[in-house]
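Keeping their order, the protein sequence lines are chains E and Z.
By numbering that gives the first Met the number 0, the letter at position 306 of the first sequence is numbered 305, and the numbering carries on one by one without gaps.
By numbering that gives the first Met the number 0, the letter at position 77 of the second sequence is numbered 76, and the numbering carries on one by one without gaps.
No residue lacks a Cβ here, since even glycine has one placed at the ideal position from N, Cα and C.
Small disclaimer: the values here were computed from a predicted structure and weren't measured.
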Amino acid sequence: MKELSIVIREVGREKKDILYSILFGFLAGITAVGLFASSGYLISKAALMPPLYALTVMIALLKLFGLARAVSRYGERYFSHRATFTILSNLRVNFFERLEPLAPGIFQKYRSGDLLARIVGDVESLQNFFLRVYYPPIVLIIVFLSTIVFTSFFSIYIALVLVLGLLLTALVIPAVFAYSQRRIDHTVRERRGELSTEVTELLYGFRELKLYQRLEEKERMLISSSEDYIQEQERDGVQSMFNQSINTAASLMISWVVLALGAYLVIGGQLNGLFLAMLVMISLTVFENATPMAAFPGHLEESRRASNRLYSVVKEEPVITQEPKIDLPQTEALSVDFREAAYRFENEGRNVIDGVTLHLPAGSKTAIVGPSGSGKSTLLMLMLKVLHAKSGKVLLANHSIQNIEAEAIWQKSNVVLQENHFFYGTIRDNLEMARDGLSDEDLKSVLVKVRMSHFSLEDEVFEKGENLSGGEKQRLAIARALLKGERLWVLDEPTSSIDALTERFIYDELFKQAVDDTVILVSHRLTGLEAMDQIVVMEDGRIVENGSFNELMAKKGYFFEMKQIEKSVFG
Amino acid sequence: MNELKHIAKKYKGTKLVLIILAVLTGISIIAQAYLIVTVVDRVFLQGQSFSQIAPYLACLALALIVRAGLTYASGRAGVRMAAKVKSEFRSRLLAKFTNNPVQSSLQGQSGQKVSVMMDAVDEIDSYFSQYIPQVIQTSVVPLMIIIVAFNQHLYTGLLMMITAPFIPLFFIIIGIKTQKKSEEQMDKMAAFSGKFLDTLQGLTTLKLFGRSQKQKDSIRESSLGFREATMEVLKVAFVSSLMLEYISMLSIGLIALELGLRLVVFESVTFFTAFFLLVLAPEFYLALKELGSAFHTGRGSMGAARKIMNELEKKDHPVSWGEHELNASTPPAISLKSAGFHYNEGFELKNVTVDIKPYAKVAIVGQSGAGKSTLLNLLAGLVSPSKGQVLIEGRPLSDYRERAWYYELSYISQQPYIFSGTIEDNIVIGSSKEVSKEAIKEAAQQAGIMELIDSLDQGLDTQVGEAGRGLSGGEKQRLAIARAFLKNPSVVLFDEPTTGLDLKTEQILQASIRELSRRSTVITVAHRLHTIQHADIILFLKKGELAAKGTHAELMDSVPEYRNMVAVQQGGEAE
């Protein structure tokens, strides 16, 4: 419930809109009651042959209630929806504020592609929280209380019946069903998960299933889990239909009791018969507000789950001991050291980085190579303090990075990752973020350096750079790094989608600019590494061998073998 | 919506039940009003005793309970119908997907298909569980009320009849207006709503460039922008329900006014009739208004239905099989006679003729997009030739029993699919017979993966796939090899990895293929010089055509393009 309280706090910030929603909600509810009450009274009064003016007043009142009700319903809808969207905006900002300090390490930690989509979805689903959970009960209670007070002027007994009815339909019945609903919800979700697995396996694993003649078996399993899922959904649907009907039946029966009790009181002379019709109409109308309460537990549960999931992502990390911060040298190239560094992902048995010791002198050029999954990228993440080594040490300019702010490291490095993000906007927007104070000349000349001069600075870039090819995105990312112009280069397979000729050209430009800088390059290819000071070969999180190109080739070890294989692999 | 209507037609029985339930609901609504009015009338005006009205009260209680019961029954019938429709749709989609899925999985559309199968099918639920029952209710109940109204008091009936059409009319007018408005706002809304996800996805980049702080404001800005755009659309919808509310209020008011005047001034109706009609009037308009909200729900299902129908209407080209058995103590002779593959506007493979002798080592080479994978799928019987023939032992592949052919075949793809389950399950899937633990271990040993398995706490029982331990590309390859060793097929199709794997896997792949080719025909889409040098026959594909065939030496001699390709490769330059 702690997570939900964060949401409640965010909701509470929109006081004005909340107040309006409640006010208009109340007006809409109470005018409906007034409308039907007065129509009941009107007709009874008419039966007694009153003077015509009394009737005219009543009819005018009737119209007034009618109009007021329609307008307040509009107001309620308008303000509650406005509030909902403002609250969503607040939630997004609030969540972002919590997530921002934890990024990018947190994305590495989860290693799950759909984490972000899930976050967005969970925030969206919280829109029901205000609209269906937060304010409707408040409106319901105020409408009921006012109605009950009004009724008590005519008959205290009938007022008591309404109180009981409120408790029954708004509290007892939803509470009773909340429990069973929760269990069914749980099973529905489970069945859905099972079906989703079956469908995914069948469609993605189709070829294997066909070839191994397991397709029919899998089809049968899929159909049967689809049936299970549909059956649970059906049970869920029938159950919620049942809840709703029980609640309707209860509220109708309350009106019945009002009628029976009222009739009894009229006959006993304790109630003027003139008001009987009115009281019955009141009862029938006021309980219309209570029927939606049957769905209340479902919405509450959904909001609770969404907020739990959402905020569990950004639960406070254990605070890393704060030692005096050390500033990185402003303009010098930096040396990098790993001392017995090790890292392991959550929920994984083995170390991705397993005791790596490595020295990269300031101004040196290093290539890291090795098969996929050998830990190359993770090594870069440790160095950038995106991930924190589980044991061992990482040093930058001979200072342990524990004593250096991550932001300071990022500020001092030009990073190109395997996946680089581009924002909706123009080429210019996406380049300008590299550094402040860049002139058009700077931007244009960097486009030449990465062989993208056929693009103009004003060319549009879609969300995630969807309108750019893989190679173009990589070139643009390299352009950003070139513009940033710091003295530590961290490049993770920056040219994997760029053809060899262009790659050569871009590397020439890059190394020209970085001639005195420290460069660490994770390379997917073994070509063009002759000029590197050091080549580090990794496998299974360990360094298999390292040395210059000539040393490694002469040694005829792992690198040599890999080189032979690469030579024989066709594109 | 037409597709859904069409399907709904099939559920005549349920519809009939719903109509009967609606009629009964109408009766209970009318009875409820009648009985309430009777009780009030007798107590208030006629001064009857409690025992005189008790029977009416009892009947009223019954009517109320029946009404609630009917709501339940009709909702339940809708839910049942929705369940049946969903189940039918999933079966039809499954049949469609399994009939012709290789092409689509080649086109990389599996993700989209998963979403159709899961989400789209779920989304049509509300059309059947809510929209249809509500439509039936709405067409029956107001009709019954209006008949009663005419019967009781002509003018009330007339007022209802005149005012009622305004409600659907307004719905249509406003529906069209909202549609236009929301289309106008759609782009804006999409741009705003994507911003949050875009920022989250780019957070790493933003942090590395020290630009993340400013994003808070831009998230707020775009969220509020989204709010404004959405409110524009919603306002129209809210105004529409305001208008509807007015119409029904005005109509009820008119009815009340007319009844009041008759009652007081002209004394031409009784209190009973007037009250009775006044209770019924709101029920009449309420039922009409509810149609609107149901319509809204139904519309959500339309898009989903269209998605499903698009899938179901796609043409498929199922692979046909016969009854012939294949008894191969030795690998069968395989030959292609002018075989081609071309469907729709897609890729075309033309006129491939080749004989593959038992135990041959065949390498298929060519640039990407030359048709290598299509040829492999053709040989595997995963797609059927649109021209020419694939012959096995001189007989079309389609004459054989599907099971018999696949019994003889193994296919090692570039990215073998790992099913969620244990490592053992994943190896055993290769075999069609009962296998012993020893045989599994033996196969794992041969595929060089036993060492890894032994290093795991749970050994062969370690969970892999979706929810289990992640495997590297090399480990997946070795697992696929283990499947092949366990199966011991007479034909092996192998799609060699295009990227370099770890050294160990590279060595194991070479050794394994050597071993497998001793017992079977091995056809490889080759990306390794080593493989083509050792092939008995090389099929050199170019732009969907068989440009040349022969041994490495022959092709080097006589085909300049082939020579060129190999030369580029040995020069160490990619592409």
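Which listed residue (the options) has its alpha carbon closest to that of residue i
{"i": "TYR77 of chain E", "options": "E:LEU278, E:SER522, E:PHE23", "result": "E:PHE23"}
{"i": "LEU408 of chain Z", "options": "Z:MET248, Z:SER125, Z:PHE484, Z:ALA148", "result": "Z:PHE484"}
{"i": "ILE245 of chain E", "options": "Z:VAL353, Z:ILE64, Z:LEU199, Z:PHE493", "result": "Z:ILE64"}
{"i": "GLN417 of chain E", "options": "E:VAL489, E:GLU218, E:ARG434", "result": "E:VAL489"}
{"i": "ILE281 of chain E", "options": "E:MET292, E:HIS358, E:VAL257, E:SER302", "result": "E:VAL257"}
{"i": "GLY374 of chain E", "options": "E:PRO50, E:VAL521, E:ASP439, E:LEU270", "result": "E:VAL521"}
{"i": "VAL142 of chain E", "options": "E:THR501, E:LEU275, E:LEU161", "result": "E:LEU161"}
{"i": "PHE149 of chain E", "options": "E:MET277, E:ALA433, E:ARG434, E:VAL119", "result": "E:MET277"}
{"i": "PHE106 of chain E", "options": "E:ILE325, E:VAL312, E:VAL445, E:ARG479", "result": "E:VAL312"}
{"i": "SER468 of chain E", "options": "E:THR494, E:LEU481, E:GLY484", "result": "E:THR494"}
{"i": "LEU17 of chain Z", "options": "Z:GLY46, Z:GLN133, Z:SER222", "result": "Z:GLN133"}
Beta-ladder partner(s) of residue i, from DSSP
{"i": "HIS398 of chain E", "result": "E:LEU395"}
{"i": "LEU335 of chain Z", "result": "Z:VAL353, Z:VAL389"}
{"i": "THR425 of chain E", "result": "E:GLU459"}
{"i": "TRP488 of chain E", "result": "E:ASN413, E:VAL518"}
{"i": "ALA341 of chain E", "result": "E:ASP353, E:SER390"}
{"i": "ILE363 of chain Z", "result": "Z:VAL524, Z:LEU538"}
{"i": "GLY420 of chain Z", "result": "Z:VAL463"}
Three-way DSSP call (helix, strand, coil) for residue i in this model
{"i": "HIS323 of chain Z", "result": "strand"}
{"i": "PHE191 of chain Z", "result": "helix"}
{"i": "ILE64 of chain Z", "result": "helix"}
{"i": "MET48 of chain E", "result": "coil"}
{"i": "PRO395 of chain Z", "result": "strand"}
{"i": "ASN419 of chain E", "result": "coil"}
{"i": "GLN180 of chain E", "result": "helix"}
{"i": "LEU540 of chain Z", "result": "strand"}
{"i": "ASP274 of chain Z", "result": "Reading the sequence as shown, one finds Phe at residue 274 of chain Z and not Asp. Helix."}
{"i": "SER111 of chain E", "result": "Unreliable placement is indicated for SER111 of chain E, whose pLDDT of 48 sits below 50; the coordinate value is still reported in the next sentence. SER111 of chain E falls in the coil class under three-state DSSP."}
{"i": "PHE493 of chain Z", "result": "strand"}
{"i": "THR269 of chain Z", "result": "coil"}
{"i": "ARG97 of chain E", "result": "helix"}
{"i": "ALA289 of chain E", "result": "coil"}
{"i": "GLY74 of chain E", "result": "helix"}
{"i": "THR83 of chain E", "result": "helix"}
{"i": "THR365 of chain E", "result": "strand"}
{"i": "THR284 of chain E", "result": "helix"}
{"i": "THR330 of chain E", "result": "coil"}
{"i": "GLU538 of chain E", "result": "strand"}
{"i": "GLU574 of chain Z", "result": "The pLDDT assigned to GLU574 of chain Z is 36, lower than 50, so where the model puts this residue is not dependable, and the model offers no usable value."}
Expected contact under 8 Å - CB spacing of residue i and residue j to nearest Å
{"i": "VAL535 of chain E", "j": "THR365 of chain E", "result": "6 Å"}
{"i": "LEU335 of chain Z", "j": "THR352 of chain Z", "result": "6 Å"}
{"i": "ALA76 of chain Z", "j": "THR13 of chain Z", "result": "6 Å"}
Residue i Cβ short of 7 Å to the ligand NAD heavy atom set
{"i": "HIS185 of chain E", "result": "The ligand NAD is absent from the structure shown, which contains no ligands of any kind."}
Contact list for the segment 326–341 of chain E against chain Z, Cβ threshold 8 Å:
With the criterion set as a beta carbon lying under 8 Å from some beta carbon of chain Z, the segment 326–341 of chain E has no members that meet it.
Chain E contacts from the segment 368–391 of chain Z (Cβ-Cβ distance under 8 Å):
Listed by position, the residues of the segment 368–391 of chain Z near chain E (Cβ gap below 8 Å) are ALA379, LEU381.
If the cut-off is 7 Å on Cβ atoms, which residues from the segment 529–553 of chain Z count as contacting chain E, listed in chain order?
Contacts with chain E (Cβ-Cβ distance below 7 Å) from the segment 529–553 of chain Z involve HIS529, listed in chain order.
Could you please tell me which residues of the segment 5–16 of chain E, in chain order, have their CB closer than 8 Å to any CB of chain Z?
From the segment 5–16 of chain E, no residue has a Cβ closer than 8 Å to chain Z.
Anything in the segment 218–235 of chain Z with a Cβ closer than 8 Å to a Cβ of chain E? List those residues in chain order, please.
Hits within the stretch, in order: ILE218, ARG219, SER222, LEU223, PHE225, ARG226, THR229, MET230, LEU233, LYS234.
For the segment 351–371 of chain E, list every residue whose C-beta sits within 9 Å of some C-beta in chain Z, in sequence order.
Shown in chain order are the members of the segment 351–371 of chain E whose Cβ falls below 9 Å from a Cβ of chain Z: GLY369, PRO370, SER371.
Residues of the segment 495–513 of chain Z with Cβ closer than 9 Å to any Cβ of chain E, in chain order
Closer than 9 Å at the C-beta level to chain E, one finds these residues of the segment 495–513 of chain Z: GLU495, PRO496, THR497, THR498, GLY499, LEU500, ASP501, LEU502, LYS503, THR504, GLU505, GLN506.
Of all the residues that make up the segment 414–437 of chain E, which are near chain Z by a beta-carbon distance shorter than 9 Å?
So the list reads VAL414, LEU416, GLU418, ASN419, HIS420, PHE421, PHE422, TYR423, MET432, ALA433, ARG434, given in the order they occur along the chain.
Using a Cβ cut-off of 8 Å, which residues of the segment 226–240 of chain E contact any Cβ in chain Z, in chain order?
For the segment 226–240 of chain E, the beta-carbon criterion of a distance under 8 Å to any beta-carbon of chain Z is satisfied by GLU226, ILE229, GLN230, GLN232, GLU233, GLY236, VAL237, MET240.
Select from the segment 241–268 of chain E all residues with a C-beta closer than 7 Å to any C-beta belonging to chain Z, and list them in chain order.
Taking 7 Å as the Cβ-Cβ cut-off against chain Z, the residues of the segment 241–268 of chain E that qualify are PHE241, SER244, THR247, ALA248, LEU251, MET252, TRP255, LEU258, ALA259, ALA262, TYR263, VAL265, ILE266.
If you measure beta-carbon to beta-carbon, which residues of the segment 74–102 of chain Z are closer than 9 Å to chain E?
Within the segment 74–102 of chain Z, the residues whose Cβ lies closer than 9 Å to some Cβ of chain E are GLY74, ARG75, GLY77, VAL78, ARG79, ALA81, ALA82, LYS83, LYS85, SER86, ARG89, SER90, LEU93, ALA94, PHE96, THR97, PRO100, VAL101, listed in chain order.
Quick one, which residues of the segment 45–64 of chain E are near chain Z if we go by CB-CB under 7 Å, in chain order?
Taking 7 Å as the cut-off between beta carbons, the residues of the segment 45–64 of chain E near chain Z are ALA45, ALA46, MET48, LEU51, LEU54, ILE58, LEU61, LYS62, in sequence order.
Please list the residues of the segment 191–211 of chain E that have a C-beta atom closer than 9 Å to any C-beta atom in chain Z, keeping them in chain order.
Those would be ARG191, LEU194, SER195, THR196, VAL198, THR199, GLU200, LEU201, LEU202, TYR203, GLY204, PHE205, ARG206, GLU207, LEU208, LYS209, LEU210, TYR211, in chain order.
At a CB distance below 8 Å, what residues from the segment 470–490 of chain E approach chain Z? Give them in sequence order.
Here the close residues are ARG479, LYS483.
Check each residue of the segment 118–140 of chain E: if its Cβ is closer than 7 Å to any Cβ of chain Z, include it; give the result in chain order.
Residues passing the 7 Å Cβ filter: ILE118, VAL119.
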